[in-house]
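So for the sequence shown, the numbering used here puts the first residue at 7; every next one is plus one. Beta carbons: idealized from backbone N, C-alpha and C, even for Gly.
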Amino acid sequence: MVAASKMRKAQQNAMASRPYATLLNEILEPLAGSASDLQHPLMEVREVKKRLVIVVASDKGLCGGLNSNLMREATKFDRGTTTFVTAGRKASQFIARTKRELAAEFTYRDTPLFSEARAIAKFAVNMFIEGKVDQVDVLYTRFYSTLNLKPEVVQILPIAEIKAHATGIGKDAGAEALAVDSQGATEFIYEPNQEGVLASLLPHSLNFQVFHILLEAKASEQSARMVAMKNATDNAKQLIKDLTLEYNKLRQANITKELLEITSAAMAMG
């Protein structure tokens, strides 16, 4: 019951973040589209010589194959050109055990805070702007449904394209209408200017994207733990049933044996 309650709460938090993310991308999409000639450090595309991968895992086990599936994807990145940042104790233990390059280690709560996502995003942005890495990816488990959890890799830097319906966020009528406007002749006026608005919103959009990823990862963790605990409970009940049946069979066999011995003795004496 506790695992199910935590899973429902984590799922509700992930779902609640989607409308705000959609609204933010609705604002950014026409701005980025009309400002194609503008330059922003977070949109600078470079040759990928060094990659930063943020691995979002859980702090505890007992959640089935969630972490093992995630770490299997992490091993696909090249050791020589990849630096890792971890969120969650299981990810840190895996990176240390496999002796990969670890740049930083972060923690996040059962109910992730926006400040925790902002700290992770800030570290990634600093490494990208300073030229220490040329691309930043996030490896996490995306929540599709209670039984459908898949590890995914999402590129967050450089910000190449902004859509009104971001990855993992439902596309609604407002997003569709805005997409039509952005492709038409509608002209937007920005105050103070496009550069200023873009510079203010892009970091916030990145922070919120990382925050949404933390919520998705936590929803996936609680869902996987609930399913794992249910399977463990069902297996334990079946084991108890089998052992009880075996005990009753042995008990009945012993009773039958004793009755035969008594009967045989009585017949011998009579």
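Open item on the list: I'd like the span of the beta strand (DSSP E) that includes A93, first residue to last.
Closed with: T88 to A93
TODO: Give the DSSP-derived three-state secondary structure of F217 in the structure shown.
DONE: helix
Task: Span of the beta strand (DSSP E) around I165 - done: Premise fails: I165 is in no beta strand (DSSP E) and is neither H nor E.
Task: Beta-carbon proximity check, A110 vs V91, cutoff 8 Å - done: yes
Task: Contact under 8 Å by Cβ, E53 with D140 - done: Yes, the Cβ-Cβ distance between E53 and D140 is below 8 Å.
- [ ] Output the distance between the C-alpha atoms of F149 and S121, rounded to the nearest integer angstrom.
- [x] The straight-line gap from Cα to Cα measures roughly 22 Å.
Open item on the list: Check this for me: beta carbons of L212 and P118, under 8 Å apart or not?
Closed with: no
- [ ] Express the C-alpha separation of S74 and A166 in angstroms, rounding to a whole number.
- [x] 30 Å
Task: Cα-Cα separation, S226 to N260 - done: Counting only the Cα atoms, N260 lies some 51 Å from S226.
Open item on the list: Can you give me the C-alpha to C-alpha distance between Y196 and L204, rounded to a whole angstrom?
Closed with: Cα-Cα distance, rounded: 10 Å.
Open item on the list: Please classify A238 as buried or exposed, where buried requires at least 16 neighbouring CB atoms within 10 angstroms.
Closed with: exposed
Task: Where D240 sits in the DSSP three-state scheme - done: helix
Task: Local conformation of L6 per DSSP, three classes - done: With the chain covering only 7 through 276, there is no way to say anything about residue 6.
Open item on the list: At the level of alpha carbons, what is the spacing between A172 and L72?
Closed with: The pLDDT assigned to A172 is 47, lower than 50, so where the model puts this residue is not dependable; a value taken from the coordinates is nonetheless given after this. Cα-Cα distance, rounded: 24 Å.
Task: Cβ neighbour criterion (16 or more within 10 Å) applied to R208 - done: Checking the displayed sequence, the identity of residue 208 turns out to be Leu instead of Arg. Flag for L208 reads buried.
Open item on the list: Using DSSP's beta-bridge definition, name the partner residues of T147.
Closed with: P157
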